[in-house]
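Asker: Residue numbers (our numbering), protein chains in the order written: chain P, 4 to 488; chain H, 6 to 211.
1) Note down the Cα distance separating residue 189 of chain H from residue 114 of chain H, rounded to an integer number of angstroms.
2) Taking the alpha helix (DSSP H) that residue 2 of chain P belongs to, which residues open and close that run?
3) At the 8 Å Cβ level, is residue 13 of chain P part of the contact set with chain H, yes or no?
4) Leaving aside the five residues before and after residue 465 of chain P along the sequence, list all residues of the same chain whose C-beta is less than 8 Å from its C-beta, in chain order.
5) What span of residues does the beta strand (DSSP E) with residue 35 of chain P cover, start to end?
6) Which one or two residues does DSSP pair with residue 161 of chain H in a beta bridge?
7) Who are the Cβ neighbours of residue 89 of chain H in its own chain at under 8 Å, not counting the five residues just before and after it?
8) Classify residue 238 of chain P: buried if its beta carbon has 16 or more other beta carbons within 10 angstroms, exposed otherwise.
9) Exposed or buried, residue 31 of chain P, counting other C-beta atoms within 10 Å across all chains shown (16 or more means buried)?
10) Using the beta-carbon of each residue, which ones in chain H are nearer than 8 Å to residue 110 of chain P?
11) So residue 99 of chain H and residue 446 of chain P are in contact, right, with Cβ under 8 Å, and what is the actual spacing, rounded?
12) Measuring straight from C-alpha to C-alpha, what distance separates residue 60 of chain P and residue 84 of chain P?
13) Pairs of beta-carbons, one from the segment 432 to 442 of chain P and one from the segment 105 to 121 of chain H, closer than 8 Å: are there three or more?
14) Compute the beta-carbon to beta-carbon distance between residue 62 of chain H and residue 168 of chain P, rounded to the nearest angstrom, for a pair I have assumed lies under 8 Å.
15) Got a sec: is the Cβ-Cβ distance from residue 55 of chain H to anything in chain P below 8 Å?
16) According to DSSP, what are the bridge partners of residue 235 of chain P?
17) Taking a cut of 7 Å between CB atoms, which residues from the segment 394 to 417 of chain P lie near chain H?
18) From H:185, H:192, H:154, H:169, pick the residue whose C-alpha is nearest to that of residue 187 of chain P; which is it?
19) Report buried or exposed for residue 348 of chain P, applying the criterion of at least 16 other Cβ atoms within 10 angstroms of its Cβ.
20) Less than 8 Å between the CB atoms is what I'm expecting for residue 3 of chain P and residue 177 of chain P, so what's the real figure, rounded?
21) Grab the span of the alpha helix (DSSP H) containing residue 146 of chain H for me, first residue to last.
22) Counting only beta-carbon atoms, is residue 92 of chain H nearer than 8 Å to chain C?
23) In its own chain, which residues sit with a C-beta less than 7 Å from the C-beta of residue 51 of chain P, not counting the 5 before and 5 after it?
24) How long is the line joining the alpha carbons of residue 85 of chain H and residue 180 of chain P, rounded to whole angstroms?
25) Using a Cβ cut-off of 8 Å (strictly closer), state whether residue 196 of chain H contacts chain P.
26) Is there a Cβ from chain P that is less than 8 Å from the Cβ of residue 189 of chain H?
27) Using the Cβ count rule (16 or more neighbours within 10 Å means buried), how would you classify residue 154 of chain P?
28) Would you call the CB atoms of residue 363 of chain P and residue 373 of chain P closer than 8 Å?
29) Count the other C-beta atoms from every protein chain shown that fall within 10 angstroms of the C-beta of residue 486 of chain P, then say buried if there are 16 or more, exposed otherwise.
30) Report the residue from P:340, P:360, P:224, P:226 whose alpha carbon sits nearest the alpha carbon of residue 69 of chain H.
31) Pick out the complete beta strand (DSSP E) segments inside the segment 12 to 98 of chain P, 3 residues or longer, and give them in chain order.
32) In the DSSP assignment, what are the bridge partners of residue 8 of chain H?
33) Exposed or buried, which one is residue 429 of chain P when buried takes at least 16 other CB atoms within 10 Å?
34) Given 8 Å as the limit, is there contact between the segment 32 to 39 of chain P and the segment 229 to 236 of chain P, that is, 3 or more CB pairs closer than that?
35) When you compare only the Cα positions, how much space is there between residue 326 of chain P and residue 112 of chain P?
36) Consult DSSP for residue 156 of chain H and reduce its assignment to one of helix, strand or coil.
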């Protein structure tokens, strides 16, 4: 910190009184405080809290805990028709809330929750403790000492956040226990009490939070920043001095780097004078940071189609594979849609059996109908081709082709390891196809029908099948290593 | 009305929806890179774990969706097809399909996608599937007894293990996350491919 003060003397280390002109200029300037994602998450959270508290209050059945007036409970019940609808709604919203925050917690744990939220936003430091004492004394009219400088969130907000972060998991877990009847009746009874208590504690804090944001005049800019993401600089300076200082230091460092880069591209030897002791430190970064922006600018016109347009267009036109988790999520939604609409999962191998059955039924109808295997498909009273999987595989062909076409991946070629001939590859592919068809018949489905679809409905046999596929694959891979590596 | 909806569709709507669902199935398979036999077999050489990642992400997504909807009573799981369990034929079938997968480089669904984007080897795999189906049909009278052995009916993991559905779902999610972790480590710092097959990941992949 001390070295930064020496390097950037124009940024004070402690709040100093501002001249009216300075204050006016700062009041006009907006600086970014919240990311769009945070704003969306905040309002999602606010909506969920509103709905859950409103429905939850009407759901409490125990007379000791029931605090909502009779007319309110009747009103909410009328609104939802029945009490069971009301409960379903409460559970649905709660599960959606848990789902969204589980995603946020899983993927953002290290970056956001640990680094950003825990270390920077809610960990209390010495200034915060003093701030709480001074704030309390000032509220009581016992002190007019100025409040110590605060960072992004003031100590009051931090205390509330700490309470929320520790109580929200309690609400989520007890809610799940009540919904799915996890544990013995005693545990569930305890969960009900814990659910209610944790909500009560947060709601009492929420009242202060809402009052501060929506009513308290001094905090108005903070309220609006939850829509625009921005606050004016004067507000930041007065209420969150430490955060303002960090922001200004970043801004100034960036400006100096830019000046330095500008000077260098113009070949002015004397330009280094604008940078004080910083030049040595930035000379390494310059090569990486400042050569990059010029290149995409210069070649913007010639970029291939796959790199232009919206993210969706880029993703569709990309010649590269999608990240497996993204493709898997899409596949999972497709599978889910199949279950919801058709009542069964995806399949592939049975389509070939049905095509073959139809063909044999046309060529040798009597023998085919008499076969215990083919006869089953021919004896359905209609063509074996009138079937979900048969038509679904037609869709697979179209979808695969469209994807390959959009990504520019259509190419007639042979896929093989680097050391084998085409003929060996063809022979292996044919044998492999035969083995997998026979395997799929024994298992009553292949990777799609058994592993993927049966796996998702937790069929025991599908998981046995899946483990066997992986086991044979890994073992066979070693034996066939000359063919693929 | 609650899901599933297939009983309310006319035949035309039903078959059209089948094509639409298949379209997305094929599309996402191709986008995942599963039209490439080298990418698919990369899984079994610890080189590219996409097969596991895509499959488990899809299973977890659909499983959570179904669990969520059935917990809310919006889907009637008794109308959803659950493949019946035949322990021994499914074990053997899995071993055969796994062997066919590593020999041929595809599984039946992915070979369709590979063939439509122009992979000639996938056409041979498809021919093999048809031939294998005929062979099975001819052998069927001989293997019929084995084909129905180990029958446990429609058995789900929660029923089999006598556990709450929620717990099993949680366990599957935990297992998937563990598998993703192993996959990332294996592709990254462990570099299992190099350790097992003595090559760096880039080699032999051209």
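Cβ coordinates follow ideal geometry from the N, Cα and C atoms, glycine included.
All figures in this text were calculated on a predicted structure; none of them were measured in a lab.
Answerer: Reading it off the structure:
1) Numbered from its first residue, the second chain carries residue 189 of chain H at position 184. Numbered from its first residue, the second chain carries residue 114 of chain H at position 109. A straight line joining the alpha-carbon of residue 189 of chain H with that of residue 114 of chain H spans about 25 Å.
2) The first residue shown for chain P is 4 and the last is 488, placing residue 2 of chain P beyond what the model contains.
3) The residue you call residue 13 of chain P lines up with position 10 of the first chain. No - not a single Cβ of chain H is within 8 Å of the one on residue 13 of chain P.
4) Here residue 465 of chain P refers to the residue found at position 462 when the first chain is read from its first residue. Cβ neighbours of residue 465 of chain P beyond the five flanking positions: 448, 453, 454, 456, 457, 458.
5) Translated into the one-based positions of the first chain, residue 35 of chain P becomes position 32. First-last of the beta strand (DSSP E) with residue 35 of chain P: 33 to 35.
6) As a first step, residue 161 of chain H must be located in the second chain, where it is residue number 156. Paired residue(s): P:462.
7) Position 84 of the second chain, counting from 1, holds the residue named residue 89 of chain H. 156, 157, 158, 159, 160, listed in sequence order.
8) Working through the first chain from its first residue, we reach residue 238 of chain P at position 235. With 16 or more Cβ atoms within 10 Å of its Cβ, residue 238 of chain P is classed as buried.
9) Walking along the first chain from the start, residue 31 of chain P turns up at place 28. Exposed: under 16 other Cβ atoms inside 10 Å.
10) Mapped onto the first chain, residue 110 of chain P falls at position 107. Those do not exist, as residue 110 of chain P stays about 11 Å from chain H at its closest Cβ, beyond 8 Å.
11) The residue you call residue 99 of chain H lines up with position 94 of the second chain. The residue you call residue 446 of chain P lines up with position 443 of the first chain. Going by Cβ atoms, the distance from residue 99 of chain H to residue 446 of chain P rounds to 6 Å, so yes, they are a contact pair.
12) Position 57 of the first chain, counted from the first residue, corresponds to residue 60 of chain P. Position 81 of the first chain, counted from the first residue, corresponds to residue 84 of chain P. Between residue 60 of chain P and residue 84 of chain P, the C-alpha separation is close to 16 Å.
13) yes
14) Position 57 of the second chain, counted from the first residue, corresponds to residue 62 of chain H. Position 165 of the first chain, counted from the first residue, corresponds to residue 168 of chain P. Residue 62 of chain H to residue 168 of chain P, Cβ: 28 Å. No contact.
15) The count along the second chain starts at 1 and reaches residue 55 of chain H at position 50. Answer yes: the Cβ-Cβ gap between residue 55 of chain H and chain P drops below 8 Å somewhere.
16) Working through the first chain from its first residue, we reach residue 235 of chain P at position 232. According to DSSP, which records beta bridges pairwise, residue 235 of chain P is partnered with P:33.
17) 394, 395, 396, 397, 398, 399, 400, 401, 402, 403, 404, 405, 406, 407, 412, 413, 414, 415, 416, 417
18) For this step, residue 187 of chain P is matched to residue 184 along the first chain. The shortest C-alpha separation from residue 187 of chain P is found at H:169.
19) Residue 348 of chain P sits at position 345 when you count from the first residue of the first chain. So residue 348 of chain P counts as buried.
20) Residue 3 of chain P falls outside the range modelled here, since chain P spans only 4 to 488, and no answer is possible.
21) Reading the second chain from its first residue, position 141 is the one you call residue 146 of chain H. Start and end: 125 to 152.
22) Considering every chain present, this structure includes no chain C. Its protein chains are P and H.
23) Here residue 51 of chain P is taken as the residue at index 48 of the first chain, counted from 1. Residues 96, 100 of the same chain have their beta carbon placed closer than 7 Å to that of residue 51 of chain P, with the five preceding and five following residues left out of the count.
24) Taking the second chain and counting its residues from 1, one reaches residue 85 of chain H at position 80. Taking the first chain and counting its residues from 1, one reaches residue 180 of chain P at position 177. If I take the Cα positions, the gap works out to 26 Å.
25) Along the second chain, read from residue 1 onward, the residue named residue 196 of chain H stands at position 191. No - not a single Cβ of chain P is within 8 Å of the one on residue 196 of chain H.
26) By one-based count along the second chain, residue 189 of chain H stands at place 184. Not closer than 8 Å to any Cβ of chain P, the Cβ of residue 189 of chain H fails to qualify, so no.
27) Along the first chain, one-based indexing puts residue 154 of chain P at 151. With 16 or more other Cβ atoms within 10 Å, it is buried.
28) Translated into the one-based positions of the first chain, residue 363 of chain P becomes position 360. Translated into the one-based positions of the first chain, residue 373 of chain P becomes position 370. No; because the gap between Cβ atoms is not below 8 Å, this pair is not in contact.
29) As a first step, residue 486 of chain P must be located in the first chain, where it is residue number 483. With 16 or more Cβ atoms within 10 Å of its Cβ, residue 486 of chain P is classed as buried.
30) Position 64 of the second chain, counting from 1, holds the residue named residue 69 of chain H. Selected option, being the one with the closest Cα: P:340.
31) DSSP runs (the beta strand (DSSP E)) wholly in the segment 12 to 98 of chain P: 33 to 35.
32) Translated into the one-based positions of the second chain, residue 8 of chain H becomes position 3. H:80.
33) The sequence position of residue 429 of chain P within the first chain is 426, counting from 1. Looking at its Cβ environment, which holds 16 or more other Cβ atoms inside 10 Å, residue 429 of chain P is buried.
34) yes
35) By 1-based counting over the first chain, the position of residue 326 of chain P is 323. By 1-based counting over the first chain, the position of residue 112 of chain P is 109. Using only the alpha carbons, I get a separation of about 20 Å.
36) Here the question's residue 156 of chain H lines up with position 151 in the second chain. The answer is strand: DSSP assigns residue 156 of chain H an E or B state.
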